[in-house]
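Put into structure tokens, the structure is as follows:
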């Protein structure tokens, strides 16, 4: 056996036969159940055991001669030195294996510092301004009551999502809604300022002993040629729904958005109060005469020039104060009126169907059939037991028709309620 050189690994070289068994017990100790410390070098070296603070490695390239190498646990440098001294032809492959291992190391064994850095990058802090805007959007678009921000469950919900968030009060929320409303109103007004022609729709209704009026605006964007729509107003209407009250509300809203001279048509239902409002205060469709100066109503009549020339010397004095104080009753200015075609067709179908009851044979069948349907619906409306029985048998609740609904779904709803009872 050769003594190891100073500063190098201890090499134990012993010539043996192929079938000879080597016993490494005794002073070297028992074989450990540790796996190969450098698995990527298994083609060159095999693991034997541990001696003190070093691994006992056997060189496979030296077979059939057994060469044992002691390598430090934290570095395989002694293995590389053995390859350089004894097996120079395999040095290139050894370096390829070690370099490949270094490239894969960051992927297979991430360090603690890398994991912490990733966690810090993914952390997102939400500002207080963003939280306030999210709450405002939730209340407005979800039609939530303002006092929802004062409810403890809602506060706990926000705190759970963002512990450092400060909850806004009800007064602050109302102030934010007012500011957002003013900003939206300015944006809509600015968008319609660059448009020459606008169409509007309006309707009024009652709910919970209060009256309301709603107006929408529609126009074509001159740049993109896309149809644009906006809800201009939904405000309480005090007093009776008389024609002058409706005309005043419409005129105020049109003036508020600066579109009085741009509206070409206003579409409403066929109720008498809207019809009278536009008959009295609306623009006349036949008033389209244009004079030589471009103003309506200034068209010259035959013989007018001769009369002016004959009476040019006469002067007539007019009391200006009387003209200013004169009230012609046209204090409101409304655009041309357009009746809703869907409502009109609905009325025609309803009226014609009722007129058909003048036939005695049809009238008898009509009253008998619809009387039974109405009796069944009324029974379900008055008795919860009857409604539950119908739901258990038919798996649905009976719909109740409403004759005042004039949209396109009204007739379909009435037909559906009738077919529910019959079939």
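Residue numbers (the UniProt record's numbering): 1 to 423.
Cβ coordinates follow ideal geometry from the N, Cα and C atoms, glycine included.
Along the length of the region 333–396, whole alpha helix (DSSP H) runs at least 4 residues long occupy 341–355, 360–382 and 384–394, reported in chain order.
Residue 228 is not a Cβ neighbour of residue 215, given a cutoff of 9 Å. Its Cα nearest to that of residue 274, the residue 244 stands out among 244, 142, 64 and 387. With a cutoff of 9 Å on beta-carbon distance, residue 58 and residue 69 are scored as near each other. The alpha-carbon of residue 352 is positioned some 31 Å away from that of residue 199. DSSP places residue 149 outside any alpha helix (DSSP H), giving it a letter other than H or E. Where residue 196 is concerned, there is no enclosing beta strand (DSSP E), because DSSP gives it neither an H nor an E. For the pair of segments examined, the region 169–177 was found to touch the region 138–155: the number of CB pairs separated by less than 8 Å reaches three.
Taking C-beta atoms under 8 Å as the contact rule, residue 73 and residue 53 qualify, at a distance of about 6 Å.
When secondary structure is reduced to three states using DSSP, residue 269 falls in the coil class, being assigned neither helix nor strand. Residue range 210–220 is occupied by the beta strand (DSSP E) that includes residue 213. Rounded to the nearest whole angstrom, the CA to CA distance from residue 396 to residue 390 is 7 Å. For residue 45, the enclosing beta strand (DSSP E) covers residues 45–51. Shortest Cα-Cα distance from residue 342 to any of 269, 42, 242 and 97 involves 269. DSSP places residue 168 in the coil class of the three-state scheme, outside both helix and strand.
In the DSSP assignment, residue 253 falls outside any beta strand (DSSP E) and within the unbroken alpha helix (DSSP H) covering 243–256. Counting every other CB atom within 10 Å of its CB across the protein chains shown gives residue 370 a total below 16, marking it as exposed. Taking the Cα positions, residue 99 is about 15 Å away from residue 42.
Judged by DSSP in its simplified three-state form, residue 227 adopts strand.
Excluding five sequence positions before and after residue 136, the CB atoms of its chain that fall closer than 8 Å to its own CB belong to 173, 176, 177 and 180, given in chain order. Beta-bridge analysis with DSSP links residue 156 to no other residue. Leaving aside the five residues that flank residue 87 on each side, the residues in its chain whose CB is nearer than 6 Å to its CB run, in chain order, 61.
Beta-bridge analysis with DSSP links residue 40 to no other residue. Per DSSP, residue 79 is one residue of the alpha helix (DSSP H) stretching across 77–86. The continuous alpha helix (DSSP H) containing residue 130 extends over residues 128–141. Scanning its chain for C-beta atoms nearer than 7 Å, with the 5 sequence neighbours on each side dropped, one finds around residue 344 the residues 270, in chain order. Within 10 angstroms of the beta-carbon of residue 157 lie fewer than 16 other beta-carbons, which makes it exposed.
For residue 100, the three-state secondary structure derived from DSSP is helix. Annotated three-state conformation of residue 70 is strand, per DSSP. Here residue 206 carries a strand assignment [DSSP, helix/strand/coil].
Our two residues, residue 84 and residue 45, have alpha carbons roughly 14 Å apart in a direct line. For residue 388 against residue 334, the beta-carbon gap comes to about 51 Å, at or over 8 Å, which does not count as contact. Taking a contact as a CB-CB distance under 8 Å, the pair residue 249 and residue 237 counts as one, their CB atoms being some 6 Å apart.
Its Cα nearest to that of residue 194, the residue 222 stands out among 222, 372, 218 and 131.
Its Cα nearest to that of residue 78, the residue 56 stands out among 66, 384 and 56. A direct Cα-to-Cα measurement between residue 206 and residue 212 gives close to 6 Å.
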